[in-house]
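With positions in the sequence shown counted from 1, the corresponding number in the working numbering is that position plus 57. Virtual Cβ for every residue (Gly too), placed ideally from N, Cα, C. Since we're looking at a predicted model, the values are computed, not measured. Take a look at the structure below.
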Amino acid sequence: MNISKLTRSPRAMKAMTGLSWREFQGLVSAFESAELEYRKNKPGRKRNPGGGRRGHLRTTEDRLFYILFYVKTYPTFDIMAFFFGKGRGRACEAGNFYLEILEKALGRKIVLPKRRIGSIEEFARLFPEVKDIFPDGTERRIQRPKRPRQNKRYYSGKKKAHTRKNIIMADENKRILLVSPTKPGRRHDKRLSDRISLVEHIPEDVGIWVDSGFQGIDKRHPNTHIAKRGRKNRPLTYEEKQENRVISSLRVGVEHAIGGMKRFRAYHDVLRNRIGVFDDRIAVVAAGLWNYHLQQG
């Protein structure tokens, strides 16, 4: 496989990996180090890293391209096997393995979002420069569960489909600071944010800008800016509509951040994989790749 041809086609490079050639090359060394460390410390290993039969993906660039191609385009493993010269089972094993390596490589680049914030002090230590945060919920569709209990649990009334949900927290620069654990789509945005104690761990001098799906958090954080919701017997006034427009114009950054994650079709398309940890890892990797893209700027 000669991926160097993509240097002459920036459009094709971004279409297949979601990164430019420069961004791709900047990730190679971190990916190589993460893979070497993982193989070296693998439990039960009896031979030195590099021993054994050489596979079809012989270079670090080939292996990184393999997993980025999968995350960006989300083909079936039958297609991956055909294009990369593997059996279907081996293609699946390689996809799960290199996805974990990619997550570790992004961690080396310090671009992965946090999964939970434990205290106000931890927030101040992790994000000392952040003055405003923009939380929002995002859902991705899954295949309809066969069991009635699971069918009801994952049904989202908002999307009219079966989904899984994450709470995304971005800053004013569209960088994703936090991705909550993946939960069934039936859960409300505010309920899910309460589950991870999101509001309680934000300093009072940091502004929280949210939509009407987070009604009620303003009672627990004094620096909250929340869009007002009209009712049948009490429509919004002109001033309230203008205020909502201002809040929406400032919150559009988190929508762009979520759109940046969903450039990677493994996080956008209907989830096919049955491994539970896969969906959660894809959300983190997609956010990490978006942050890496912003970092390379």
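{"Asked": "Close-in-space but distant-in-sequence residues of the same chain around residue 310 (CB under 7 Å, 5 per side omitted)", "Found": "191, 227, 229, 231"}
{"Asked": "Neighbourhood of residue 339 by C-beta, 6 Å cutoff - its chain only, sequence neighbours within 5 removed", "Found": "323, 324"}
{"Asked": "From 251, 286, 262, 194, residue whose alpha carbon lies closest to that of residue 274", "Found": "251"}
{"Asked": "With 16 other Cβ atoms within 10 Å as the buried cut-off, status of residue 105", "Found": "exposed"}
{"Asked": "Sequence ranges, alpha helix (DSSP H) only - wholly within the segment 115–173, length at least 4", "Found": "117–130, 134–141, 145–165"}
{"Asked": "Reduced DSSP category for residue 86 - H, G, I as helix; E, B as strand; rest coil", "Found": "helix"}
{"Asked": "Nearest-angstrom Cα separation, counted from residue 234 out to residue 84", "Found": "20 Å"}
{"Asked": "Cβ pair count under 8 Å reaching 3, the segment 209–220 against the segment 236–253", "Found": "yes"}
{"Asked": "Residue 92 classed as buried or exposed, judged by whether at least 16 other C-beta atoms fall within 10 angstroms", "Found": "buried"}
{"Asked": "8 Å Cβ cutoff met for residue 157 and residue 350", "Found": "no"}
{"Asked": "Beta-carbon proximity check, residue 75 vs residue 320, cutoff 8 Å", "Found": "yes"}
{"Asked": "Three-state class that DSSP yields for residue 256 in the structure shown", "Found": "helix"}
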